[in-house]
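Novice: Input: one structure, supplied below.
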Ligand SMILES: Nc1nc2c(ncn2[C@@H]2O[C@H](COP(=O)(O)OP(=O)(O)OP(=O)(O)O)[C@@H](O)[C@H]2O)c(=O)[nH]1
Ligand SMILES: [Mg+2]
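Residue numbers (this note's numbering): 3 to 301.
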């Protein structure tokens with residue numbers, strides 16, 4: 003069953019974003035650097051395309067992502083026509099302050115007092131949009147928090163004399179096509195706890211860590227990872243942390259939360275959940291299915 007998470011306020015948030023797009027010159031599309039494609043909202047591109055607005059793709063939280071994967075992603079986006087991407091950490095003011103200049107380059111005609119540059123920050127929940135807003139204004143104008151859907155309404159602020167910036171509520175799209183995207187989004191807390199069972203998300207994350215970052219499991223929990231699968235990782239974490247339910251069995255729920263929280267807080271080190279190569283491989287069967295469907299259609 004496809005993973006879905008679309009709280010009520012998002013319908014009006016989407017309508018308001020479409021309205022504000024009419025008076026926006028450049029969209030700052032924020033994605034999570036640890037999962038840049040899984041955290042790309044197709045609705046943002048659709049709205050930009052309808053209004054023909056340029057878009058700067060910001061891979062935020064790069065301080066939490068694997069630097070090698072982030073370099074690969076930037077090179078990957080650089081090869082795509084019409085996409086300009088940059089990696090930043092919202093916690094690094096110097097990096098964030100580069101963004102208005104890059105936006106200005108995308109709308110060079112908007113550069114005087116009568117035509118101020120109007121930027122709109124968009125993206126899925128919890129990717130750091132409001133954190134960027136605060137860094138850009140130099141004040142704590144927006145509430146931030148490590149859970150999805152903290153911002154519920156838009157707000158605009160002037161930065162400098164010639165620039166305006168609008169923060170918007172995080173937007174999801176109605177149906178997440180690939181389950182692994184849903185798991186990555188849930189692991190990174192971009193979608194709510196009720197969307198996917200936390201234990202399933204933790205098993206997905208544990209399997210991914212076993213494949214790509216086994217040494218982090220060794221370092222953080224002292225596990226001997228050889229021969230383990232995702233569930234066994236959780237059992238071992240429960241064992242190491244003495245997390246038990248009545249009868250002495252491993253408390254997998256608490257172990258799941260511990261693993262997820264460690265990933266979210268960066269305590270497992272800098273981790274990327276996807277790279278251009280893992281994405282390519284993940285999409286392969288879908289493409290083959292699509293080809294198959296097309297062949298069937300032609301027949
Ligand atoms: N490590 C790290 N944490 C960040 C960064 N940017 C934001 N955060 C944290 O991520 C969490 C979410 O940040 P917000 O700015 O509230 O995210 P948002 O996109 O506005 O979320 P919604 O309003 O729910 O859509 C907060 O705990 C921030 O402190 C970053 O670059 N690095
Ligand atoms: Mg926000």
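The C-beta atom is built at its ideal place from N, Cα and C for all residues, glycine as well.
Is the beta carbon of residue 277 less than 8 Å from the beta carbon of residue 87?
Specialist: no
Novice: Between residue 31 and residue 131, what straight-line distance do the alpha-carbon atoms span, to the nearest angstrom?
Specialist: 9 Å
Novice: Between 101, 91, 38, which has its C-alpha nearest residue 79's C-alpha?
Specialist: Sorting 101, 91, 38 by C-alpha distance to the C-alpha of residue 79 places 38 at the top.
Novice: Confirm, please, whether the CB-CB distance from residue 164 to residue 110 is below 8 Å.
Specialist: no
Novice: Taking the alpha helix (DSSP H) that residue 221 falls in, what are its first and last residues?
Specialist: 216-223
Novice: Around the C-beta of residue 13, are 16 or more other C-beta atoms found within 10 angstroms, so that it is buried, or is it exposed?
Specialist: Looking at its Cβ environment, which holds fewer than 16 other Cβ atoms inside 10 Å, residue 13 is exposed.
Novice: Given this structure, state the Cα-to-Cα distance separating residue 197 from residue 9, to the nearest angstrom.
Specialist: The alpha-carbon separation between residue 197 and residue 9 amounts to approximately 10 Å.
Novice: Report buried or exposed for residue 129, applying the criterion of at least 16 other Cβ atoms within 10 angstroms of its Cβ.
Specialist: buried
Novice: Identify every residue that forms a DSSP beta bridge with residue 200.
Specialist: Answer is none; residue 200 lacks a bridge partner.
Novice: Mind checking which residues open and close the beta strand (DSSP E) that includes residue 119?
Specialist: 119-125
Novice: With respect to the beta strand (DSSP E) encompassing residue 34, which residues constitute its N-terminal and C-terminal limits?
Specialist: 28-34
Novice: For ligand 2, I want to know if residue 308 counts as a neighbour, meaning its beta carbon is within less than 7 Å of at least one of the ligand's heavy atoms.
Specialist: Past the edges of the chain, shown from 3 to 301, lies residue 308, and the structure says nothing about it.
Novice: Is the closest heavy atom of ligand 1 to the C-beta of residue 128 under 7 Å?
Specialist: yes
Novice: Taking 8 Å as the cut-off, does the region 205-216 touch the region 180-196 (at least 3 CB pairs, one atom from each stretch)?
Specialist: yes
Novice: Only counting the same chain, and skipping five residues up and downstream in sequence, which positions put a Cβ closer than 7 Å to that of residue 77?
Specialist: There are no such residues.
Novice: Rounded to whole angstroms, how far is the Cβ of residue 174 from the Cβ of residue 43, which I believe are closer than 8 Å?
Specialist: Indeed they touch by this definition, with Cβ atoms about 7 Å apart.
Novice: Would you please state the rounded distance, in angstroms, between the beta carbons of residue 169 and residue 156? I believe it to be under 8 Å.
Specialist: 7 Å
Novice: Identify whether residue 273 lies in helix, strand or coil by the three-state DSSP scheme.
Specialist: Reduced to three states, the DSSP call for residue 273 is coil.
Novice: Where do the N-terminal and C-terminal ends of the alpha helix (DSSP H) with residue 14 fall, by residue?
Specialist: Segment 11-23, the alpha helix (DSSP H) holding residue 14.
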